[in-house]
Every structure is written in structure tokens, then in C-alpha cells.
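In this note's numbering, the protein residues as written are -15 to 486. As C-alpha cells, the structure follows; a few thoughts come after it.
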């Protein structure tokens, strides 16, 4: 029977893992027959690496991990799980920030990281087909010489995989202008929760029929396992101007964001970094950031060379009008790369502090940035936590990083409670509980703040059309999902396991 795994790192005392049910002996034997011994992981040391994704507060061991290399292998594995009634969890690189790839009820993790081949580059039609385990940045590297790129650029793009991006509908700094993942995926190959292989969408812009690709993007792996993707390629801009505005206060920086958009300027990116993050980044990378600034704003405009200097000058003038101490301009590609290194490796810099963190991604109207950021800091203070903000200011997608010690159960509770208050605040000011990280385990209970019971019931009915047996990534997204698994599906599988043992 699938069972929830406790992780000894969640407390100061070690917890014995329960023995695996008899069905997992057969599962392991047949997995080895499908993919080979080297691609099946079952030892405790191996499974420890898969006990969570980048959402640290909840850790659960899977019973096994399998690393297929083809769509056909994934199909065989899913059919095996259905026969043995074993829950299975799709997983990419494990960089997700909401627990979407965590084996909350045990079972089998199907990791796509060895499905990492680019299958076709179609320059005339501006399309690229790759396996789901291909690292995001490799898509752009494959076509950069042809003047193209894959626009969605999560901060983890050097590690995250395109299949995981599809699952969470990932964004990134440049999606203010270029859009999120769903705007750049035209087709997927999907292994359905019972094992059948389907091809949705394709290379064309507007296929007939229902937009099933749009339904799968952002479904968090609850409607099947994406094994291949067809991505839209976008021309690289002719020229770029990257600015760094230095501000004495967060309010000055956030007002600049609103004023730039109000002036009719559409930057490629508008990213804000507060003083907590500035100090962590400077300590890690020594980039020359001003340690006494309360906030810095990365402003990037791109497009045709003609008129771009004027647009950058307008953005600079707005920043200075709002009290910027200075506005620096990257004069070389190296200087631009260093500015983006500060932004995209901010989370890594925080890791050097020797603590765990939870990164939220509530969305708010841009005009609410000053008051919401003040309240976020107040919430963190009330819970005795440190918080640093580095986020997509242009579209109001916040990323408060709450620091905590995951070995301390009381701190774990505080960081979860503080996070819920921050998300409720976002909803109360007219925003959303997620912009790009998904719901996963982290935000299930918060779904009721944003959607009615009828809304949630309709979404669950749609999921059930695909995932009838609730074996595919169970216990995620919906408030009832975990309860339903524990009260209905788990007892049924206990009976199945007993039958197999007899």
C-alpha cells in the first residue's frame, strides 16, 4: 500500500521508515525490466535526494524513483503503476517551489531528467521539439546562433526543465513583455494517467478543436506526464539597454515601476531587489552593489536600435524624478550579464546564509506594491522571521523569501503560517495566490480564498476526466485532494495490497 514517509530531517529525533508493502517488490522487478537496473533507485540514500522539491517544509520519501529515457518507457511504467495500484509522481529537476513534485503519499517518482534530448530544430517555422527533461536554457543555446531564443526564463533556467516549466506554467523576469510558458508551447506529447500516449497541438499556431495544450500547461502533472514539447521560438531583440536604479526607499522603487508602465513604456523586465537580498548577493558575488540602498530596480528595454536610447532615457528620468540616487547603465555585455547574475542567482546567494527558505509568489496590482511590501515585512517580524524580496515588479509578482531553520519544527510551523498570511494579503488587495510557482502542497488550503466551491468542483471534475483513479500526482492543488486520498483511495489500496500478499 502507498504510505506517507516521514523524513528524519524534519525533527531532531530519527524516525524509522516503515517496511515497503509486498507490491513494491514486484514493482521494482518490473521497473528494472523496463528501464534497466541503473535507472531504478530504491536505497534510502538515493531516495533522500527526492524527498522534496525546492519547497522544504514538507518532506516525504517515495518508495522508488525511476528514470526513463523515452515516451514509450514512461507509458509502460504508468501502465504498470495502474496494474499494481501504485501512485506515481512526475518530476523534472526538482526546482519547483510549491511541493508539486513531492511524493506526499509515497509511491513512485517518475523523473524525466534523462529525457534530455533536443529532437528537432525547425528554424523556418520557428519551432523546437525537445524531450521534457531538457534544461530550459539549452533551448536558447540551440538556436541563439540563428538569432532566436526561447523567451520564458525562470531564475532557475540553468537547472529547471521544460517539462517542469509546462507543469507549473513558469514565468521569469522577461515574461513582462514576452509572456509565460503557455504563450510559447504549441504542442505536447502526453502520457495519460492510464498509460495511453497522445499528441496534443503541434507546430501550427491555431489548431482546431479544444485547446487541450492550454489545459495541460499549468495542470501541475495531475492530468498526465508530458514527455515531449514543441516550443515557439522568438527572434532575439536587435538591441538591449539594461539599467540599474538605486533607491533610498522601497516606496521610491515601486512608484517608479508604476510610473514607467503608466508612461506607456513596456520594458522587457522590471525587477526589484531589496536591501536584504542586496547584502546577500554582494557578499556572495562582490558585484559592487550599494549596501546602504533600500532597493535597486533592474530596468531592461529591448527592441529595434532606433529609438531605444530615448526609451532608456525616459525610464531613467522617471526613476530620477522618484528620488533615485543614481541610475547606472550597463555599457558592455559583461556588465549586463553581471546585473542579471545578481538577480537570477539571488536565491543561491541566500543559500549561502546556511538556512532554508520558502519563496512565495503571490500576485498583486502594481499600485499596491508599497503597502503590501510594508505589510509583508510586518508579518515576517510578527513571526520572528527574516524576509528578503526579489521579484517581478513589473507584473506585481512578489517573491518574499522567508528564512528559517527546517530542523526546528516550531520554525517550520511559523514559516508556513506567515506564508499563508502573505498569500491572504495578496488576495485581499485584489491579487492571486500564485503567479508561476503553482499550488502543489503549499497553497491547497488557500484555493478557497480565491475560488468558490463551485469553481473548485468544476476544476476537479475536469481533472477527473483525465485522472480517474487519482493515481497521477495525488494529493495536490485542491483542498479536498489530500483528504480524499486518505479517506477513499488509500483504504482501497490497502485492500489491493492485502490481496496481492495473499
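Where is the CB? At the ideal position from N, CA and C, for every residue including glycine.
Quick check: the Cα distance between residue i and residue j, rounded to an integer number of angstroms?
| i | j | result |
| --- | --- | --- |
| residue 424 | residue 274 | 37 Å |
| residue 354 | residue 336 | 28 Å |
| residue 194 | residue 84 | 26 Å |
| residue 570 | residue 55 | The chain is shown from -15 up to 486; residue 570 falls before or after that span and cannot be answered. |
| residue 392 | residue 332 | 22 Å |
| residue 224 | residue 283 | 11 Å |
| residue 452 | residue 323 | 48 Å |
| residue 68 | residue 7 | 7 Å |
| residue 129 | residue 173 | 27 Å |
| residue 105 | residue 142 | 20 Å |
| residue 297 | residue 348 | 28 Å |
| residue 155 | residue 419 | 8 Å |
| residue 375 | residue 119 | 22 Å |
| residue 430 | residue 407 | 8 Å |
| residue 87 | residue 246 | 45 Å |
| residue 26 | residue 258 | 43 Å |
| residue 546 | residue 363 | No information on residue 546 is available, as it lies outside the stretch -15 to 486 that the chain covers here. |
| residue 366 | residue 357 | 14 Å |
| residue 436 | residue 427 | 15 Å |
| residue -14 | residue 342 | In this predicted model, residue -14 has a pLDDT of only 47, less than 50, meaning its place in the structure is not dependable enough to derive any value. |
| residue 17 | residue 60 | 10 Å |
| residue 379 | residue 438 | 28 Å |
| residue 206 | residue 58 | 15 Å |
| residue 359 | residue 238 | 14 Å |
| residue 235 | residue 312 | 19 Å |
Within the same chain, show all residues whose beta-carbon is closer than 6 Å to that of residue i, passing over the 5 residues directly before and after it, in chain order.
| i | result |
| --- | --- |
| residue 29 | none |
| residue 444 | 462 |
| residue 328 | 139 |
| residue 34 | 46, 49, 93 |
| residue 370 | 387 |
| residue 352 | 413 |
| residue 410 | 346, 348 |
| residue 271 | 322, 326 |
| residue 318 | none |
| residue 183 | 173 |
| residue 261 | 330, 372, 374 |
| residue 137 | 156, 158 |
| residue 574 | The chain is shown only over -15 to 486; residue 574 falls outside these bounds and no answer can be derived. |
| residue 107 | 130 |
| residue 36 | 43, 86 |
Am I right that residue i and residue j are in contact with their C-beta atoms under 8 Å? What's the rounded C-beta distance?
| i | j | result |
| --- | --- | --- |
| residue 301 | residue 285 | Wrong, their Cβ atoms sit about 13 Å apart, outside the cutoff. |
| residue 134 | residue 168 | 7 Å |
| residue 254 | residue 377 | 5 Å |
| residue 232 | residue 116 | Wrong, their Cβ atoms sit about 46 Å apart, outside the cutoff. |
| residue 221 | residue 287 | 5 Å |
| residue 390 | residue 464 | Rounded, the Cβ-Cβ distance is 28 Å, inconsistent with contact. |
| residue 62 | residue 179 | 4 Å |
| residue 52 | residue 455 | Actually they are not in contact, since the Cβ atoms of residue 52 and residue 455 sit about 17 Å apart, beyond 8 Å. |
| residue 82 | residue 432 | 16 Å between Cβ atoms; not a contact. |
| residue 76 | residue 148 | 3 Å |
| residue 208 | residue 450 | 6 Å |
I'd like the list of long-range same chain contacts for residue i, defined as Cβ closer than 7 Å, with 5 residues on each side in sequence excluded.
| i | result |
| --- | --- |
| residue 250 | 161 |
| residue 14 | 64 |
| residue 126 | 102, 105, 112 |
| residue 166 | 153, 198, 201, 202 |
| residue 314 | 226, 320, 323 |
| residue 338 | none |
| residue 91 | -14, 46, 47, 70, 71, 72, 73 |
I'd like the list of long-range same chain contacts for residue i, defined as Cβ closer than 8 Å, with 5 residues on each side in sequence excluded.
| i | result |
| --- | --- |
| residue 243 | 302, 305, 306 |
| residue 218 | 110, 132, 133, 134, 135, 162, 168 |
| residue 316 | none |
| residue 434 | 411, 416, 417 |
| residue 289 | 222, 223 |
Could you tell me which residues DSSP puts in a beta bridge with residue i?
| i | result |
| --- | --- |
| residue 456 | 72 |
| residue 373 | 384 |
| residue 132 | 219 |
| residue 24 | 50 |
| residue 90 | 88 |
| residue 210 | 174 |
| residue 204 | Answer by DSSP bridge pairing: none, since residue 204 is not bridged. |
| residue 106 | 111 |
| residue 285 | 225 |
| residue 416 | 347 |
| residue 119 | 145 |
| residue 465 | DSSP lists no partner for residue 465. |
| residue 95 | 75 |
Minimum length 4: unbroken alpha helix (DSSP H) runs contained in the stretch 292 to 354:
Complete alpha helix (DSSP H) runs here, min 4: 292 to 305, 317 to 328, 330 to 335.
Ordered list of alpha helix (DSSP H) runs contained in the stretch 217 to 280, each at least 4 residues:
With a minimum length of 4 residues, the continuous alpha helix (DSSP H) runs that stay inside the stretch 217 to 280 are 234 to 246, 259 to 269.
Which runs of the alpha helix (DSSP H) at least 4 residues long sit entirely within the stretch 157 to 198? Give them in chain order.
Runs of the alpha helix (DSSP H) inside the stretch 157 to 198: 159 to 162.
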